[in-house]
Structures are given as C-alpha cells and as structure tokens.
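Undergrad: Okay, here's the structure, questions in a sec.
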Amino acid sequence: MQLSNITRSPGWTAFFASPMSVIGLIIVVVIVALATLANIITPYPTHVGPIGDFAAMNQAPSAAHWAGTDPMGRDQVTRIIFGFRLALIMAAVVLITSVPVGIAVGLLAGYKGGWTEYLLMRLTDIFLAVPPLVFAMAIMGFMEPTLLNGMIAITALWWTWYARLIYSVTRAEAQEGYVLAAETIGASTFHILFREILPNCLPTIITKMTIDVGFVILMAASLSFLGLGVQPPTPDLGAMVADGAKYMPDSWWLSLFPGIAILIVVLGFNLLGDGLREAFDAGK
Numbered sequence: 149m150q151l152s153n154i155t156r157s158p159g160w161t162a163f164f165a166s167p168m169s170v171i172g173l174i175i176v177v178v179i180v181a182l183a184t185l186a187n188i189i190t191p192y193p194t195h196v197g198p199i200g201d202f203a204a205m206n207q208a209p210s211a212a213h214w215a216g217t218d219p220m221g222r223d224q225v226t227r228i229i230f231g232f233r234l235a236l237i238m239a240a241v242v243l244i245t246s247v248p249v250g251i252a253v254g255l256l257a258g259y260k261g262g263w264t265e266y267l268l269m270r271l272t273d274i275f276l277a278v279p280p281l282v283f284a285m286a287i288m289g290f291m292e293p294t295l296l297n298g299m300i301a302i303t304a305l306w307w308t309w310y311a312r313l314i315y316s317v318t319r320a321e322a323q324e325g326y327v328l329a330a331e332t333i334g335a336s337t338f339h340i341l342f343r344e345i346l347p348n349c350l351p352t353i354i355t356k357m358t359i360d361v362g363f364v365i366l367m368a369a370s371l372s373f374l375g376l377g378v379q380p381p382t383p384d385l386g387a388m389v390a391d392g393a394k395y396m397p398d399s400w401w402l403s404l405f406p407g408i409a410i411l412i413v414v415l416g417f418n419l420l421g422d423g424l425r426e427a428f429d430a431g432k
C-alpha cells in the first residue's frame, strides 16, 4: 500500500483530526528523542553518576541550570533526561516480556474453553485480585533493589491484564466465519490462534501497550519513591522526587521538576494510546 493511501485512510484522518492525539504524539516523539540523544544534548552528561559540582549545590533554577541542581551540585535537567531513558528502557523490557505471556494465555483460554479456560483464567483472577503496586512491593521486599529486579517485580503481574483482554477478544473472534472456515479445512490450533485470531487482536494490543508504557513508568517511579527501585546515583525520576522531598519547601525544584517529568511522560503515552484507539475504530 502506498504511503499516500495510508495517510489518507480514515484511521489516520481521525487521529490527526484530534488535537489531543497529536499532542500525545509530539510529547512521545520528543521524550524518545531526548532519551536517545541524552549523551549528546544534555549540558552536563557526567552528572548522571556520583560526580557532582559542590560549588553549585542546591542552586535554584537559572540560565546555567534550568531546573536547578541537587545537593551534590548535579544538573537536574541532565538527570531528568537520563531518567527518561531509564524509564523507557524499563517499560520496553516489561512489556516485551509480559505481553507475549498474556497473549498466549488469553488465546488458549478463549479458544480452547473447558478446563483449559477454567484453570488459566482462575490463575489470572488470583493475580488480578492483588493490587499491582502491593504485589511488586512484596516481591521487592525479598530482592535487592536494582533495575533488573524492579523489572521482574513489575513483569510478574503485568501479563494478567493482557490475558484477560485477549481472552475476551478471542471469545468473540472464535465465533467469526473466518475461524469456522479454518476449522472446516482442518487448520491446526496453532494456525488458528496465531495466524487467524491474533492479527485481529493487534489493534487492541497496540493501543493497550501504548497506554501501558505510561503506567509501567508510573509504577517504576512509585517503587523508586518508596526506596524499592533503582538506587542512587542512577538517575531515576521517582527516586529524584523522593530525595527532593527531604529538602522541601526550601529546595522545591528538586521534587517539582522530576514530578512534572513523570506527569508529562504518562500524559503523552495516554493521549497517544487514546488517539490510536480512535484511529483503529475509525479504520474498521
């Protein structure tokens, strides 16, 4: 399909007709660009580590340091941008790891039915009954607070929402004519699940994954805020908010700007996800 035809499709027309969708797209593109080029565009790239400038400790926002400096004299803008990189990496790893598991569980339960459906969905319900942050905190209570362990703690529960979502979609799709036709000609279960049903679930999966990027980042920031996530001197947005709270209200910038950064990244991915949902609905 030619690019001109794609851009003129009803889905893309609906997407770009929504100001909020465009704003979300711009926010996400800017954040991804900043995170990717952090080593080049940040004014003080050495400030991501324990190295600081004690002559510039706790300075308020200025022309030299737009978001001020922390108690070690490290530039806040630099650390926030590198915090974006860390947050995006964590979100990508969590979703890449958990989504396939949830998809497989949902497809099998929705299509096979019977005891397969009962066992898989009751297991999913048990996990869903536990608040995600509490579950992640419980796991981190037994593990060293590191980036890898934080990813494991969040991933351990994240697959459940995709299992429930794909289960519902698969139950509906299994009654469609194309599935019945595949069964009639003797297609294998693997073919029906992954070649017939899964492609029709992709718009729903892509939309949820886009929105979930923001939620994963928010949960990771919550763990770091509680001291159970990434540890200093690694720049993490949640940890920066928690560290800055110790110096409130005098050094207000230490918590304010990392908090705004979390708000912006979550807002951007939520607006983009809503725009994609509208685009997929319009393109049907």
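Take the sequence shown: its letters are residues 149 to 432, numbered as in the working numbering. The beta-carbon is built from N, C-alpha and C at its ideal position, and this holds for glycine as well.
If you follow the alpha helix (DSSP H) that L313 is part of, which residue opens it and which one closes it?
TA: In the sequence shown, the residue the question calls residue 313 occupies position 165. Note, L313: alpha helix (DSSP H), L295 to E321.
Undergrad: Between the beta-carbon of V241 and the beta-carbon of P383, is there less than 8 Å?
TA: Within the sequence shown, residue 241 is the residue found at index 93, counting from 1. Within the sequence shown, residue 383 is the residue found at index 235, counting from 1. No, the pair does not count as a contact, with Cβ atoms beyond the cut-off.
Undergrad: Is the distance from the Cβ of T318 to the Cβ of Y259 below 8 Å?
TA: On the sequence shown, residue 318 is found 170 positions in, with the first residue counted as 1. On the sequence shown, residue 259 is found 111 positions in, with the first residue counted as 1. Cβ distance < 8 Å, so T318 and Y259 count as in contact.
Undergrad: Have a look at T155 and V282 and give me their C-alpha separation to the nearest angstrom.
TA: Residue numbering aside, residue 155 sits at position 7 when the sequence shown is read from its first letter. Residue numbering aside, residue 282 sits at position 134 when the sequence shown is read from its first letter. Residue placement at T155 is flagged as unreliable, the pLDDT there being 46, under the threshold of 50; the coordinate-derived value follows with that caveat. Approximately 43 Å between the Cα atoms of the pair.
Undergrad: Would you kindly work out how many angstroms separate the C-alpha atoms of T184 and R233, rounded to a whole number?
TA: Within the sequence shown, the letter at position 36 stands for residue 184. Within the sequence shown, the letter at position 85 stands for residue 233. Rounded to the nearest angstrom, the two C-alpha atoms are 7 Å apart.
Undergrad: What residue from E344, L256, L385 and L296 has the CA that sits closest to L328's CA?
TA: In the sequence shown, counting from the first residue as 1, residue 328 sits at position 180. When only C-alpha atoms are compared, the closest one is E344.
Undergrad: For my contact list, T355 and R425 are in at a C-beta cut-off of 8 Å; report their separation, rounded to the angstrom.
TA: As a first step, residue 355 must be located in the sequence shown, where it is residue number 207. As a first step, residue 425 must be located in the sequence shown, where it is residue number 277. Yes, T355 and R425 are in contact; Cβ-Cβ is about 5 Å, under 8 Å.
Undergrad: Mark E292 as exposed unless 16 or more other C-beta atoms lie within 10 angstroms of its C-beta, in which case mark it buried.
TA: Position 144 of the sequence shown, counted from the first residue, corresponds to residue 292. The residue in question, E292, is exposed, as its Cβ has fewer than 16 Cβ neighbours within 10 Å.
Undergrad: Classify P280: buried if its beta carbon has 16 or more other beta carbons within 10 angstroms, exposed otherwise.
TA: As a position in the sequence shown, residue 280 is number 132, starting the count at 1. When all chains shown are included, P280 counts as buried.
Undergrad: Helix, strand or coil, according to DSSP, for T190 in the structure here?
TA: Indexing the sequence shown from 1 puts residue 190 at position 42. Here T190 sits in coil by DSSP.
Undergrad: Would you tell me roughly how many angstroms separate the C-alpha atoms of N187 and V253, rounded to the nearest one?
TA: As a working note, residue 187 is residue 39 in the sequence shown. As a working note, residue 253 is residue 105 in the sequence shown. When rounded, the distance between both Cα atoms is 40 Å.
Undergrad: Could you give the residue range of the alpha helix (DSSP H) that holds P351?
TA: For the purposes of this step, residue 351 is taken as residue 203 along the sequence shown, with counting starting at 1. L346 to F373 is the span of the alpha helix (DSSP H), which, as asked, contains P351.
Undergrad: Would Y192 be called buried (16 or more neighbouring beta carbons within 10 Å of its own) or exposed?
TA: Start at 1 with the first residue of the sequence shown, and residue 192 comes out as number 44. Result: buried.
Undergrad: Which same chain residues end up closer than 7 Å to W401 when comparing Cβ atoms and leaving out the 5 residues on each side of it in sequence?
TA: Counted from its first residue, the sequence shown places residue 401 at position 253. Contacts found: A208, P209, A215, G216 and Q224.
Undergrad: Look at the alpha carbon of G262 and the alpha carbon of V413, and state the distance between them as a whole number of angstroms.
TA: Within the sequence shown, residue 262 is the residue found at index 114, counting from 1. Within the sequence shown, residue 413 is the residue found at index 265, counting from 1. Distance between the alpha carbons of G262 and V413 is about 42 Å.
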